[in-house]
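Colleague: Following this message is one structure expressed as structure tokens.
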Amino acid sequence: MVKFPQILCIGSVLWDVIGRSASHMRQGSDVPGHITRLPGGVAANIAMTFARFGMTPSLLSAVGRDPEGDELAAACETLGCNTAYLYRSEDLPTDRYMAVEGANGLIAAIADAHSLERAGARILQPLRDGTLGSAEAPFTGIVALDGNLTEFLLDEVSRDPALAKADLRIAPASPGKAERLMPFLRTSRGTLYVNLEEAGLLCQTRFTSAPEAAARLVERGAARAVVTNGGDAACDATPDGLIAERPPEVLVTRVTGAGDTFMAAHIVAEMHDTTRDEALTLALTAAAQYVSGDIPS
């Protein structure tokens with residue numbers, strides 16, 4: 001009998017290179033600020049938030065066998081994440097993400113996550129060969145999954161017998177990849193964590209509020225949809241109804257990673273048997289603390 005980890009985080013694990021300035025910025029701005037390089041990627045950000053809550057998440061991703069990859073794996077371990085199941089590629093470089101943030105929010109970002117996409121199903125091997133699970137003995141814990149995987153692989157995951165008993169929690173990596181989550185609408189699997197723009201892309205329309213968006217996602221097949229909308233009300237919807245709540249008002253000092261923090265905090269809250277209302281409150285509070293800088297990166 002396989003002894004399963006409690007939490008798996010599947011998706012991008014890479015270096016985040018973030019330039020931040022206290023100035024308002026526009027195209028062509030050249031301003032003073034600070035540049036940091038930290039372990040990042042949606043899966044890693046979620047995993048590190050789990051670790052801050054005392055969990056020991058395991059990462060499933062692709063990381064190169066280059067110096068950057070060795071350093072990244074070591075940094076993730078130091079931050080409380082289990083990297084034993086990473087696919088370490090000999091010929092694919094370690095992925096990177098670069099963003100510029102100003103006082104007026106995210107200005108621009110580029111995700112160089114091609115290695116994860118090229119690795120494909122190889123990152124899921126531990127879930128299929130009996131190491132963490134198999135079709136005969138499915139993984140039964142929580143799986144936090146991000147949309148940096150290809151739509152073909154996400155479709156496989158939505159129907160994979162090795163994950164048939166898993167508690168799937170799914171987020172797009174960015175609005176540009178939101179439509180990759182369509183398989184989970186078709187199969188009515190898992191909980192979708194999206195922002196208002198991403199919900200609109202999945203539903204091929206525009207929404208003015210999170211409750212409207214979450215309700216439409218459920219109508220289109222989502223088993224559950226949790227939709228955020230910046231400083232406006234967020235919503236948690238299922239076929240049995242919806243709840244909505246506004247986040248605390250804070251001074252925003254950063255935005256990259258806020259959605260990942262919200263998602264992880266929401267999952268941890270539910271692991272402690274909170275009500276849906278309580279879980280939404282705790283997640284919004286954690287995300288507000290993060291964007292204000294009260295929670296370290």
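Anchor point for the sequence shown: position 134 equals 134 in the working numbering, and the numbering is continuous, going up by one each time. Each residue gets a CB set at the ideal place from its N, CA and C atoms; glycine is no exception. For clarity, every value in this text was computed on a predicted model and none was experimentally measured.
#1: Only counting the same chain, and skipping five residues up and downstream in sequence, which positions put a Cβ closer than 8 Å to that of residue 248?
#2: Nearest to residue 97 by alpha carbon, out of 16, 225, 259 and 227?
#3: If you count every other CB in all the chains shown that lies within 10 Å of the CB of residue 251, and 16 or more means buried, which is it?
#4: Decide if the segment 184–200 is in contact with the segment 227–238; the criterion is three or more beta carbon pairs, one per stretch, under 8 Å apart.
#5: Roughly how many angstroms lie between the CA atoms of residue 119 and residue 223, to the nearest whole one?
#6: Should the segment 36–56 be regarded as contacting the segment 78–88, the criterion being three or more beta carbon pairs within less than 8 Å?
#7: Once DSSP output is grouped into helix, strand and coil, what is the label at residue 25?
#8: For residue 180 and residue 12, what's the separation of their Cα atoms in angstroms?
#9: Put residue 292 into one of helix, strand or coil per three-state DSSP.
#10: Excluding sequence positions up to five away, which residues of its chain have a Cβ less than 6 Å from the Cβ of residue 166?
#11: Per DSSP, which residues does residue 13 bridge with? Please list them.
#12: Please determine if the segment 87–104 and the segment 60–75 are in contact, where contact requires at least 3 C-beta pairs separated by less than 8 Å.
#13: Give the straight-line distance between the Cα atoms of residue 5 and residue 128, rounded to the nearest whole angstrom.
Modeller: According to the structure shown:
#1: Within the same chain, residue 248 has close Cβ partners 284, 285 and 288.
#2: The residue with the shortest Cα to Cα distance from residue 97 is 16.
#3: Answer is exposed; the Cβ neighbour count stays below 16.
#4: Yes, the segment 184–200 is in contact with the segment 227–238.
#5: For the pair residue 119 and residue 223, the Cα-to-Cα distance works out to about 29 Å.
#6: Cβ pair count under 8 Å is three or more, so yes.
#7: Reduced to three states, the DSSP call for residue 25 is coil.
#8: C-alpha of residue 180 to C-alpha of residue 12: approximately 15 Å in a straight line.
#9: In the structure shown, residue 292 sits in a helix (DSSP, three-state: H, G or I).
#10: Cβ neighbours of residue 166 beyond the five flanking positions: 139 and 143.
#11: Looking at the DSSP output, residue 13 shares a beta bridge with no other residue.
#12: The segment 87–104 vs the segment 60–75: in contact.
#13: About 15 Å.
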